[in-house]
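> Heads up, the sequence shown is in this note's numbering, so the first residue is 4 and it goes up one at a time. Backbone N, C-alpha and C define an ideal beta-carbon position, used for all residues, glycine too. A quick note: this is a predicted structure, and the numbers were derived from the prediction, not measured. What follows is a structure written as structure tokens; I'll ask about it next.
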Amino acid sequence: MKSIKTRLEINVYQIEFSYNTIRGNWKKQTWEVRALSENEARAALKAYIIEYNMDYDYRPYLNAEILSVRFKETELIEI
């Protein structure tokens, strides 16, 4: 039986965001997100933040704000 391989180009974005800690301090983080578009990358980060906040009582990313989204590179993935 032959296996069929598909190549997919996926973009890597660097998203810088800030959030408020429990002590009231603002911190910045930069994450790499793989997505087909910048809007998908933003949505993925927002979804992760919402889900993460649901798991913890102190809600560390409650006031998270996206500061910048930068395209980094395109990766070729074989599936």
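What distance in whole Å lies between the Cβ atoms of residue 53 and residue 34, which are believed to be in contact at a cut-off of 8 Å?
For the purposes of this step, residue 34 is taken as residue 31 along the sequence shown, with counting starting at 1. For the purposes of this step, residue 53 is taken as residue 50 along the sequence shown, with counting starting at 1. Contact doesn't hold; Cβ gap of about 15 Å is too wide.
> Considering residue 7, what are the terminal residues of the beta strand (DSSP E) in which it resides?
Within the sequence shown, residue 7 is the residue found at index 4, counting from 1. Element bounds for residue 7: n/a, residue is neither H nor E.
> At the level of alpha carbons, what is the spacing between residue 50 and residue 10?
Within the sequence shown, residue 50 is the residue found at index 47, counting from 1. Within the sequence shown, residue 10 is the residue found at index 7, counting from 1. Rounded to whole angstroms, residue 50 to residue 10 spans 26 Å at the Cα level.
> Is residue 80 closer than 8 Å to residue 7 when the C-beta atoms are compared?
One-based indexing of the sequence shown puts residue 7 at position 4. One-based indexing of the sequence shown puts residue 80 at position 77. No, they are not a contact pair.
> Quick check: the Cα distance between residue 55 and residue 47, rounded to an integer number of angstroms?
What you label residue 55 is simply residue 52 of the sequence shown in a count that begins at 1. What you label residue 47 is simply residue 44 of the sequence shown in a count that begins at 1. Near 12 Å, if we compare the C-alpha coordinates of residue 47 and residue 55.
> Please classify residue 73: does DSSP put it in a helix, a strand, or coil?
Along the sequence shown, read from residue 1 onward, the residue named residue 73 stands at position 70. DSSP places residue 73 in strand when its eight states are reduced to three.
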